[in-house]
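S.K.: Residues 1089 to 1956 (my numbering) make up the sequence shown, in order.
A virtual CB, placed ideally from N, CA and C, is assigned to each residue, including glycine.
My questions will all concern the structure given below.
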Amino acid sequence: MLTGNEVRSKFIKFFESKNHKHFESASLIPDDPTLLLTVAGMVPFKPFFLGQKPAPTPRVTTFQKCIRTNDLENVGRTARHHTFFEMLGNFSFGDYFKKEAISWSYEFITEVLGIEEEKLWVSVFDTDDEAEELWISECNFPKEKIVRLGEDDNWWAAGPTGSCGPCSEIYVDLGVEFGGDENSRLGDQGTDDRFIEIWNLVFTEWNRMEDGSLEPLPKKNIDTGAGLERITAVLQNKANNFETDLLFPIVQAMEKIAGVKYGESGKIDFSLKVIADHARAVTFLVNDGVIPSNEGRGYVLRRILRRAIRHGRLLGVKELFLFEIIDVIVELMKGSYPELEKNIKHIKKVVKIEEEKFSNTLDQGIQHVMNAIEEAKKSKKDYLSGDITFKLYDTYGFPYELTEEICEENEIKIYKNEFDKKMEEQRNKARNSREVIMEKGQDSFIESFFDNYGKTEFTGYTSLSEIAKILHVSKIKDETYMIITDKTPFYAEAGGQQADNGIISGNGSTGNVIDVQKQKGIYIHTVKVLNGIYNFVEGIEVRMEVAINRREAMAKNHSATHLLQKALREILGDHVQQAGSLVTPERLRFDFNHYEPVTDEELEKVERLVNTQIAKGLSSTVEYMSMDEAKGTGAMALFGDKYEDVVRVVSFGEYSTELCGGIHVKNVSEIGMFKIVSETGIAAGVRRIEAQTGFKAYETVKSMEKLIDKVSKTLKTTSSKLEEKVEKTVEELKNSQKEIEELKSKLASYEANSLFTEVQEIKGIKVLVKRFENKDGGSLREIVDKAKEKLGSCVVVLGADNGKAIFAVGVTKDLISKIKAGDLVKQLAVIAGGNGGGRPDFAQAGGKDGAKVKEALNKAKDILVESL
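Quick look at the structure:
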């Protein structure tokens, strides 16, 4: 019997024998702005299928980690639903097509895996005669076991328009004990659990036009996906995926923690399976740099993690447990995903922090939900209102999804639309979590240009000037043109580095190159013509000159970014991964995954480490090599660089090695100085460092020195003793502030006592209405409190003119049935051009016009006469 790890390995080796290049799994964070997470095995290859990038090799095989949450509620209830799963795939980009895809899939299933031919069924698209014929002629597959299905089942499309094509799926018949009878066929009613799809072959051969018509694609592609968990369950004769060696060790680990046994009851099995699945998803999401949050990927992670914790509670586990299971998952998966072992401490720390945060919320929330359910049942109701579900979320922080799940288990209804009205923001976040694969079309002009001329030759690594030939010119707007040349020294914006600027001249015209972008290897220059003379035409030669100072400043900042990333990993840990960057002539910005603010001490260590490397004068080296060779050097890379045939590796001594296409210094000593300017959080689990290098860093340090000197002189001390003086001054200010507050309190008491002579009686009730100059809100409040304390039953109305109006109203509790402070203060504020309100016994408000305070207080007297 094959293990799940052996199935994965044999799949890759089989397709490598068919001249496929093996690419490792891409990150769960896709290099695709239209997707939140990697939801299918083909996601990393979308740019090649859609023609946005040339494929690095015509044949690829991979195992790809995936996350889907659209069927989250079914995980644990069914035999085959997962949030995290692996897809085995083989892909062809304009190379082989249906014949090879069909015959190789059948060969692997029957000869390598040894699944009996008698158990197999195949589906093809309704009109795909070719696929059916190939199954019969190439595989000797019986025609009576080939079923034709419609567009819902056997047609794949990237979107409403664009690339698409028919599918052929391979199924395994598990036998009559799973449904139907001896005469049942694939597709018969009641056989969904019997005929299990294990492989999908997608034949992408058409381009669907706006009018719905289909045109043949110039290059036909193959996209296949085989679910590892499903195939392993079939091979190991398991009724469901959770009993395979890919998942059952996690179930067993949770059995020990909870003191329960798998198979004891449906409820226990349900919770054990949810935890096993979700723990894998959580482990891989955190490993790939996702941090729990209330939006986007972080929201998906948080939701899965919290659902797992709740099922731990259902099993009776009160202590933290989820972070412990990660050890088992890493041990199971480290052979194919070695980075898990490297990042295990980080993964466990993030999960433990989130688990600790949610535990108290969960216990309290479950109790509140159960109380609400009990109250509903007592009132003979079968639902919870939107007010209650909103309160559970808003007041107690209890996720709506868990409320929904608990209610469902207790046969109580809740209505999402009621909750949505009160939680529009959260509804949007949840909607953003749905994964949809969308097509992003490639500019037809670029496609045509590429077919005619190919890529632009970039010479800017070695030269800052070039004589080039114009291949295309088009007008963007007045005096601004798009120019494409056969070669260029101008660096196009990429990898966070801004584009070069400079001059282009020829044929009597001169222009400023103000931007350079790159599509499919074609460099597109945005040029603003100078002096109104425009003679740039296709076919002429032009001189292209890069602005040297800008280029050199960006090279310093880009090289410093590499040193910074390495230093952060050394000081904070290997979990640090780049989450974005910007390189300009003035500064560098580096975003990275980290679960807490970087301390001042850590920042100082990072800054010192970078400057230490600069002082060493490390030389830079640039090498071109295969991806496998680059991995052997330990080079770091983002996924976007992963599938190039030949990659560019930039090293600074033995300290830093990264895949990078950017511009760099020849020796790090050219950077001069590195200074961190700021460190902030920009999203949950994502930090941002901004820094400067060279003369800009010097200017920043110099301005800091000037500020220190200025402060030192103001405090009448020297810079060497400034820290001591500041601490002493702060302490003195605290003491002074304390004395001021005490004096204010005494003054308020004095003023309250002195005001007794101004107290009036309205219908036998004591009323104090008083106007002040230059009193703040705190002082007015204190006077109100003192007056109420001295007068007993009373109404106090105070106003102050500070340029703006401030009002404070106090009403003792025995009188709030007659007059409410909040209502009265609102009417006064309106007179002064403001608004406000508050409690029935005390309220404060303000207005724009302080001159109206007197009028407002006169109005207060009239209101009191009417109300009391």
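Kindly indicate which three-state DSSP category Val-1388 falls into: helix, strand or coil?
M.R.: As a working mapping, residue 1388 is identified with position 300 in the sequence shown. It is helical.
S.K.: Given Leu-1360, which residues of its chain have a CB within under 6 Å of its CB, disregarding the five upstream and five downstream residues?
M.R.: Numbered from 1 along the sequence shown, position 272 holds the residue referred to as residue 1360. Result list for Leu-1360: Val-1339, Met-1342, Tyr-1350, in chain order.
S.K.: Taking C-alpha atoms, which residue in Gly-1583, Ile-1751, Thr-1576, Ala-1580 lies nearest to Ala-1643?
M.R.: Residue 1643 sits at position 555 when you count from the first residue of the sequence shown. Nearest option by C-alpha distance: Ile-1751.
S.K.: Applying the 10 Å Cβ sphere with the 16-neighbour rule, what's the burial state of Tyr-1387?
M.R.: Here residue 1387 is taken as the residue at index 299 of the sequence shown, counted from 1. Classification of Tyr-1387: buried, given that the 10 Å Cβ count is 16 or more.
S.K.: Look at the alpha carbon of Glu-1640 and the alpha carbon of Pro-1142, and state the distance between them as a whole number of angstroms.
M.R.: Here residue 1640 is taken as the residue at index 552 of the sequence shown, counted from 1. Here residue 1142 is taken as the residue at index 54 of the sequence shown, counted from 1. About 31 Å.
S.K.: Run through DSSP, which three-state label would Gly-1910 get?
M.R.: Translated into positions along the sequence shown, residue 1910 becomes position 822. If DSSP states are grouped into helix, strand and coil, Gly-1910 belongs with the helices.
S.K.: Can you check whether the CB of Glu-1205 is closer than 9 Å to the CB of Phe-1979?
M.R.: Since the first residue of the chain shown is 1089 and the last is 1956, residue 1979 is not available in this structure.
S.K.: Rounded to the nearest angstrom, what separates Val-1884 and Lys-1947 at their Cα positions?
M.R.: If you number the sequence shown from 1, residue 1884 lands on position 796. If you number the sequence shown from 1, residue 1947 lands on position 859. Distance between the alpha carbons of Val-1884 and Lys-1947 is about 14 Å.
S.K.: Near Tyr-1622, which residues of its chain fall below 7 Å by C-beta distance, leaving aside the five closest residues on each side in sequence?
M.R.: Taking the sequence shown and counting its residues from 1, the one referred to as residue 1622 is at position 534. Once the five neighbours on either side are set aside, the close Cβ partners of Tyr-1622 are Ser-1597.
S.K.: Would you mind reading off the limits of the alpha helix (DSSP H) that contains Cys-1495?
M.R.: In the sequence shown, counting from the first residue as 1, residue 1495 sits at position 407. Residues 1488 to 1497.
S.K.: Measuring CB to CB, does Gly-1938 end up less than 9 Å from Asp-1889?
M.R.: Residue mapping note: residue 1938 aligns to position 850 of the sequence shown, counting from 1. Residue mapping note: residue 1889 aligns to position 801 of the sequence shown, counting from 1. Contact: yes.
S.K.: Please classify Asp-1299 as buried or exposed, where buried requires at least 16 neighbouring CB atoms within 10 angstroms.
M.R.: Counting from 1 along the sequence shown, the entry for residue 1299 is found at position 211. Classification for Asp-1299: exposed.
S.K.: Taking the continuous alpha helix (DSSP H) assigned at Met-1130, which residues delimit it?
M.R.: Within the sequence shown, the letter at position 42 stands for residue 1130. Where Met-1130 is concerned, there is no enclosing alpha helix (DSSP H), given that its DSSP letter is neither H nor E.
S.K.: Please report the residue range of the alpha helix (DSSP H) in which Val-1095 lies.
M.R.: In the sequence shown, the residue the question calls residue 1095 occupies position 7. Looking at the DSSP string, the run of the alpha helix (DSSP H) that includes Val-1095 is 1092 to 1104.
S.K.: How long is the line joining the alpha carbons of Leu-1886 and Gly-1661, rounded to whole angstroms?
M.R.: Within the sequence shown, the letter at position 798 stands for residue 1886. Within the sequence shown, the letter at position 573 stands for residue 1661. Straight-line Cα distance between these residues: approximately 59 Å.
S.K.: For the candidate residues Asn-1923, Pro-1928, Asn-1309, whose alpha-carbon lies nearest to that of Gly-1934?
M.R.: Along the sequence shown, one-based indexing puts residue 1934 at 846. It is Asn-1923 whose Cα lies nearest to the Cα of Gly-1934.
S.K.: Label Ile-1100 either buried or exposed according to how many other C-beta atoms from any shown protein chain fall within 10 Å of its C-beta, with 16 as the threshold for buried.
M.R.: To locate residue 1100, count along the sequence shown from 1; it is residue 12. So Ile-1100 counts as buried.
S.K.: Just checking, does the region 1713 to 1725 make contact with the region 1552 to 1563 on the three C-beta pairs under 8 Å criterion?
M.R.: Too few Cβ pairs lie closer than 8 Å, so no.
S.K.: I need the straight-line Cα distance from Ala-1917 to Val-1818, nearest angstrom please.
M.R.: Start at 1 with the first residue of the sequence shown, and residue 1917 comes out as number 829. Start at 1 with the first residue of the sequence shown, and residue 1818 comes out as number 730. Cα to Cα, Ala-1917 sits roughly 37 Å from Val-1818.
S.K.: Pick from Asn-1498, Thr-1573, Ile-1414, Ser-1881: whose alpha carbon is nearest that of Gly-1627?
M.R.: As a first step, residue 1627 is located in the sequence shown; it is residue number 539 there, counting from the start. For Gly-1627, the nearest C-alpha among the options comes from Thr-1573.
S.K.: Given a cut-off of 9 Å on the beta-carbon distance, is the pair Ala-1920 and Ala-1896 in contact?
M.R.: Start at 1 with the first residue of the sequence shown, and residue 1920 comes out as number 832. Start at 1 with the first residue of the sequence shown, and residue 1896 comes out as number 808. Not closer than 9 Å, so no.
S.K.: In the DSSP assignment, find the alpha helix (DSSP H) that holds Arg-1998 and state where it starts and stops.
M.R.: The structure shown does not extend to residue 1998, since the chain is modelled only from 1089 through 1956, so no value can be given for it.
S.K.: For Leu-1618 and Tyr-1549, what's the separation of their Cα atoms in angstroms?
M.R.: Within the sequence shown, numbered from 1, the residue matching residue 1618 stands at position 530. Within the sequence shown, numbered from 1, the residue matching residue 1549 stands at position 461. Distance between the alpha carbons of Leu-1618 and Tyr-1549 is about 27 Å.
S.K.: Residue range of the beta strand (DSSP E) that Asp-1311 falls in?
M.R.: The residue labelled residue 1311 in the question sits at position 223 within the sequence shown. Looking at the DSSP string, the run of the beta strand (DSSP E) that includes Asp-1311 is 1302 to 1315.
S.K.: Look at the alpha carbon of Ile-1534 and the alpha carbon of Asn-1328, and state the distance between them as a whole number of angstroms.
M.R.: If you number the sequence shown from 1, residue 1534 lands on position 446. If you number the sequence shown from 1, residue 1328 lands on position 240. Ile-1534 and Asn-1328: Cα-Cα distance of roughly 49 Å.
S.K.: Within 10 angstroms of its Cβ, does Val-1789 collect 16 or more other Cβ (buried), or is it exposed?
M.R.: The residue labelled residue 1789 in the question sits at position 701 within the sequence shown. By the 10 Å Cβ count, Val-1789 comes out exposed.
S.K.: Quick check: what's the CA-CA separation for Val-1210 versus Asp-1280?
M.R.: Position 122 of the sequence shown, counted from the start, is the residue given in the question as residue 1210. Position 192 of the sequence shown, counted from the start, is the residue given in the question as residue 1280. Their backbone Cα atoms lie some 14 Å apart in a straight line.
S.K.: If we ignore side chains and look at the alpha-carbon of each, how far apart do His-1108 and Ser-1707 end up?
M.R.: As a working mapping, residue 1108 is identified with position 20 in the sequence shown. As a working mapping, residue 1707 is identified with position 619 in the sequence shown. In a straight line, the C-alpha of His-1108 is about 38 Å away from that of Ser-1707.
S.K.: Thinking C-alpha only, which one of Met-1175, Phe-1151, Ala-1703, Leu-1691 is nearest Asp-1741?
M.R.: In the sequence shown, counting from the first residue as 1, residue 1741 sits at position 653. Note on residue identity: the sequence assigns Gly, not Asp, to residue 1741. The option with the nearest alpha carbon to Gly-1741 is Ala-1703.
S.K.: What do you reckon, are the CB atoms on His-1682 and His-1663 nearer than 9 Å?
M.R.: Indexing the sequence shown from 1 puts residue 1682 at position 594. Indexing the sequence shown from 1 puts residue 1663 at position 575. Yes, the Cβ-Cβ distance between His-1682 and His-1663 is below 9 Å.
S.K.: Of the residues Ala-1367, Asp-1603, Phe-1358, which one's Cα is nearest the Cα of Ile-1417?
M.R.: Counting from one through the sequence shown, the residue named residue 1417 turns up at place 329. Measuring from the Cα of Ile-1417, the nearest candidate turns out to be Ala-1367.
S.K.: Express the C-alpha separation of Gly-1474 and Lys-1468 in angstroms, rounding to a whole number.
M.R.: Here residue 1468 refers to the residue found at position 380 of the sequence shown. Here residue 1474 refers to the residue found at position 386 of the sequence shown. Looking at the two C-alpha atoms, the distance is approximately 17 Å.
S.K.: Over the uninterrupted alpha helix (DSSP H) stretch that includes Glu-1793, give me the two end residues.
M.R.: In the sequence shown, residue 1793 corresponds to position 705, counting from 1. Here the alpha helix (DSSP H) through Glu-1793 covers 1782 to 1802.
S.K.: If you draw a straight line from the alpha carbon of Glu-1820 to that of Lys-1754, how long is it in whole angstroms?
M.R.: Along the sequence shown, one-based indexing puts residue 1820 at 732. Along the sequence shown, one-based indexing puts residue 1754 at 666. Spanning the two alpha carbons is a distance of roughly 53 Å.
S.K.: Spatial neighbours of Ser-1521 within its chain, please: CB distance less than 7 Å, with the 5 preceding and 5 following residues excluded, ordered by chain position.
M.R.: Taking the first residue of the sequence shown as position 1, residue 1521 is located at position 433. Confidence in Ser-1521 is poor, its pLDDT being 39 and thus under 50, which makes the residue's placement too unreliable to answer from.
S.K.: May I have a chain-ordered list of the beta strand (DSSP E) segments no shorter than 3 residues that lie completely inside the region 1164 to 1229?
M.R.: Counting whole runs of 3 or more residues, the region 1164 to 1229 contains the beta strand (DSSP E) stretches 1172 to 1181, 1208 to 1213.
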